[in-house]
Amino acid sequence: MNMIAHKKALPEKFLMDSKTMGKELSGKNKTENIVLQVKDVTICYSGTPAINNVSLTIPERRITAIIGPSGCGKSTLLRSFNRMNDFVPGATVEGQVLYRDIDLYGSNVDPVEVRRKIGMVFQKPNPFPKSIFQNVAWGPLINGFRKDINERVEKSLRAAALWDEVKDRLKDSAMALSGGQQQRLCIARALAMEPEIILMDEPCSALDPVSTARIEDLMYELKQQYTIVIVTHNMQQASRVSKFTAFFEAGKLVEFGKTKNIFTHPTNKRTEEYVTGRFG
Amino acid sequence: MFQRKWAKHWREEGIKAGLFLCATVSVLTTFAIVWILIREAGVFFQEVSVSEFLFGTQWTPLLEPRSFGVLPLVCGTFLIVAGTALIALPAGLATAIYLSEYASSRVRSILKPILEVLAGIPTVVYGYFALSFVTPLLRTVFSDVQIFNAASASIVVGIMVLSMVASLCDDTLRAVPASLRQGAYAVGATPVEVTLGVVIPSSLSGIMAAFVLALSRAIGETMAVTLAAGATPKMTMDPFVGIQTMTAYIVQVSLGDTPAGGIAYQTIFAVSALLFVITLIMNIVSSHLLRKFREVYE
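Residue numbers (our numbering), protein chains in the order written: chain A, 1 to 280; chain B, 1001 to 1298.
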C-alpha cells in the first residue's frame, strides 16, 4: 500500500466554518488539509467483507477519484462517508471514518446531521417528482432554512450551471428535464444544503458525452468551494477532473496518490494494468 | 425440411381457441348481467319515472302507500361508506406506511399474511361480529344506540376493507424507487420527512386509487350491512340508528317474500342498476388514477 505523505494540518476546532478554513489554507502552504480520514475501515454485507481494512485521507477542496473494477467496493466505501450504508440491511462498518476528528460512526453521531454536511449525488439522476424549485428547496426547508429560500434556490441552481435553462420554468416538474439537466438539478439539490463535502457515485454513467462534459466542468468549478469525492468507472474522467486517485481492487486499497502519478507512474503492477486498460 | 406438421398446428390452434373461449365467458357474463339489469329496470321505469326514483325521499315499495324514492337507500349506503372511510383509509394508509417504510423484513413477513387473513374472513362472520360484539361495545360507550345501527356496520366494513387499503397502498409505496428515498436522505431528511415529503407525494395517485377501490368495495358490501345496519330506509346522518343500504334492500327482496313480477320485485333491478353505475364510475376513476400514477417514473 502506497500512501501519499501528508502532514496532518487539522484545525483545533473541528467544526469550523468552511470559509474561515479556506483562509487558513491560502498562502504558500502546500500541505493538504485533511477533511475526511478513513482509518482501518472494514465494511461487511451480512458478514462478507466488501471493503477490507482500508485507510485513506480525503484532502479538502480537492477532487478525489475512487476507481477500480466493478464490485471492488468503491461505492460501498463512498456510501460509508455519509452513512448511506445504514439503509442496507446487514451492512456493518468497522474502523473509523473521521470528519475533522469526529468519528462519523460514533455513538453520539446523528446520521441525519452527517448527511446535511456531506451531500451526495447518485449514479442515476433521482429528482423528486416535484417542481424544479421544490427539488432544490426541499432539503433546506425541512432543515429549517426558511429565510431567503428563493435566493438559496437561485444560488444553488446557478452554481450547478442550470439556472439559465430553468429560470423561466421553476414551477414545472423536474421529471420533464433531460437526463443531464436532472443530474445537474440533483447537484443543485445537494449544494442547496451548503454541505462541505459532495460525494458523487458515478454521476455521469447514465449521461451522454455532452452532459458528462458539462458535469465535469461543473465539478471543476465546485472544487473551489467544496471537497468532492467521485467514484467513477471512467478512467479518462478520473484523470481529467481529479487531483488525487485511489485505486481499489477486491475491497482493498491498492494504491492512492496524486492522479498524475497514478496514471503515469503507478508503483503497483495491478494499478498499471488497470489504468492502461488491460483489465477491469 | 420446414414442412408444417398439421397435427401440431391444429393442436396449437385448438388450445388458442379454448383459451379464447374461457376469456369470453367473463366478458359475456358481464354483458348478460348488464343487459338483464337494463331490461328489468326498464320495466320498472315504465311505471315509475326516473326523477321520482332518483330524487324521491320516501322508500316504501313493499308497503302501502307505495313510494319509490331511492335516496334513503343511497343515504344509508353513503353513511356506511363515510364510516368505513373514516376507519379504513387512515388506518390502512398508516399500516401500509409502517409495512413499507419502517417494518423489518421479518416483521413484514409476519404482519402481511395476518393482514391478508382479514380479507379472507367470510363477510357474514363480520356481520355477526358487528351484532354480537361491536354493537354491545358501542352501547356501553354511547347511551342511545339501537340494536341495528350504521356505526357498528361501518366499523366492521372498515376493518374488512382495511386490509385491502393497506395492501394496495403498500404496493404503491413500495413502487417508489429506493433511489428517490436515498436522494431524500442525502439532503438530511429524517425517515418521517422522507415518507411524508417524498414517498407519499410520489405515490399519491396510487393511494387515491386504492382509496376509491376500497370505497367502491364498501358500497357493494352486502352481508355485514344486512345483518348489522338494519332494514329501515331512512334519510339520516345519525350513525346510531337503523338504516338500510341499497345492497341490504336487494337482499331483503331477494329472500323470497316478495312475489316475482310485481313492481315491488322490479325495484331490485332499478336499485341494482344504480349500484352498478356507482361502482362502475368509481372503478373507472380508480383505474384512471392508477394510469396517471404509472406515468410518473417513465
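Backbone N, C-alpha and C fix where the C-beta goes; we use that ideal spot for every residue, glycine too.
Pop quiz: aspartate 201 of chain A and valine 241 of chain A are said to be a contact at Cβ under 8 angstroms. What is the actual Cβ separation, rounded to whole angstroms? Contact doesn't hold; Cβ gap of about 15 angstroms is too wide.
Just checking: is the beta-carbon of threonine 1190 of chain B within a distance shorter than 7 angstroms of some beta-carbon in chain A? For threonine 1190 of chain B, the nearest beta carbon of chain A is closer than 7 angstroms to its own beta carbon.
Grab the span of the alpha helix (DSSP H) containing glutamine 134 of chain A for me, first residue to last. 132–142
Which value, in whole angstroms, describes the spacing of the CA atoms of aspartate 101 of chain A and valine 38 of chain A? 11 angstroms
Three-state secondary structure assigned by DSSP to leucine 1131 of chain B: helix
Contact check, glutamate 32 of chain A vs arginine 62 of chain A under 8 angstroms by CB: the rounded distance? 7 angstroms
Continuous beta strand (DSSP E) stretch holding methionine 200 of chain A: start and end: 197–201
Where does alanine 161 of chain A sit, in a helix, a strand or coil, going by DSSP? coil
What in chain B is Cβ-close to glycine 139 of chain A, meaning under 8 angstroms? Val1187, Gly1188, Ala1189
Whole-angstrom distance between proline 89 of chain A and arginine 1106 of chain B, CA atom to CA atom: 12 angstroms
Taking Cβ-Cβ distances shorter than 7 angstroms, what residues in chain B pair up with arginine 116 of chain A? Gly1188
Should the segment 1119–1136 of chain B be called in touch with the segment 1192–1204 of chain B, which here means at least 3 C-beta pairs below 8 angstroms? no
Leaving aside the five residues before and after isoleucine 1141 of chain B along the sequence, list all residues of the same chain whose C-beta is less than 6 angstroms from its C-beta, in chain order. In the sequence on display, residue 1141 of chain B carries valine and not isoleucine. Cβ within range, chain order: n/a, list empty.
Let me know the secondary structure DSSP gives leucine 1168 of chain B once reduced to three states. The three-state secondary structure of leucine 1168 of chain B, taken from DSSP, is helix.
Less than 7 angstroms between CB atoms is the rule here; does isoleucine 262 of chain A satisfy it with respect to chain B? Residue-level contact by beta carbon fails for isoleucine 262 of chain A and chain B, as no gap is shorter than 7 angstroms.
Which residues bound the beta strand (DSSP E) around phenylalanine 244 of chain A? 244–249
Work out the CA separation of glycine 1188 of chain B and glutamate 113 of chain A for me, nearest whole Å. When rounded, the separation of the alpha-carbon atoms in glutamate 113 of chain A and glycine 1188 of chain B is 6 angstroms.
Among B/Leu1255, B/Leu1204, B/Ala1184, which residue has its Cα nearest to the Cα of glycine 139 of chain A? B/Ala1184
Proximity to histidine 1288 of chain B [Cα-Cα], best of B/Gly1261, B/Met1223, B/Val1241, B/Ala1210: B/Ala1210
Would you identify the three-state DSSP class for methionine 984 of chain B, choosing helix, strand or coil? The question about residue 984 of chain B has no answer, for chain B in this structure spans 1001 to 1298.
Could you give the distance in angstroms between the alpha-carbon of glutamate 255 of chain A and the alpha-carbon of asparagine 85 of chain A? 24 angstroms
Report the option in B/Phe1044, B/Met1235, B/Val1277, B/Ser1051 whose CA atom is closest to the CA atom of glycine 1262 of chain B. B/Phe1044
Nearest-angstrom Cα separation, counted from valine 229 of chain A out to isoleucine 66 of chain A: 7 angstroms
Looking only at its chain, what residues have a beta carbon closer than 6 angstroms to the beta carbon of glutamine 212 of chain A, apart from the 5 residues adjacent to it on each side? The residue asked about is misnamed: residue 212 of chain A is threonine in this sequence, not glutamine. So the qualifying residues of the chain are Cys204.
Should the segment 1204–1219 of chain B be called in touch with the segment 1040–1056 of chain B, which here means at least 3 C-beta pairs below 8 angstroms? no
In chain order, what residues of the segment 1197–1228 of chain B put their CB closer than 9 angstroms to some CB of chain A? Gly1197, Val1198, Pro1201, Ser1202
Beta strand (DSSP E) containing leucine 56 of chain A: first to last residue? Its beta strand (DSSP E) spans residues 48–59.
Can you list, in chain order, the residues of its chain with a C-beta nearer than 6 angstroms to that of serine 1203 of chain B? Leave out the 5 residues immediately preceding and following it. Thr1172, Leu1173, Val1176
Starting from glutamate 1101 of chain B, trace the beta strand (DSSP E) in both directions and tell me its first and last residue. Run containing glutamate 1101 of chain B: none; DSSP gives neither H nor E here.
For glutamate 154 of chain A, collect the residues of the same chain with a Cβ closer than 7 angstroms to its Cβ; drop the 5 residues on either side in sequence, then sort them by chain order. Residues of the same chain with a CB within less than 7 angstroms of the CB of glutamate 154 of chain A, apart from the 5 flanking positions on each side, are Trp163 in chain order.
Could one say the Cβ of serine 1109 of chain B lies closer than 7 angstroms to chain A's Cβ atoms, at least one of them? no
Return the CA-CA distance between glycine 22 of chain A and methionine 219 of chain A, expressed in angstroms with no decimal places. Per-residue confidence for glycine 22 of chain A stands at a pLDDT of 36, beneath the threshold of 50, marking its modelled position as unreliable; the derived number appears in the next sentence. Between glycine 22 of chain A and methionine 219 of chain A, the C-alpha separation is close to 18 angstroms.
Assigned exposure category for glutamine 1302 of chain B - 16 Cβ within 10 Å defines buried: Limits of chain B in this structure are 1001 at one end and 1298 at the other, which puts residue 1302 of chain B out of reach.
Can you grab the Cα-Cα spacing for the pair tyrosine 99 of chain A / isoleucine 187 of chain A, in whole Å? 21 angstroms
What does the alpha-carbon distance come out to for the pair leucine 222 of chain A and valine 210 of chain A? 18 angstroms
Beta carbon proximity, leucine 1180 of chain B to chain A, threshold 7 angstroms: yes
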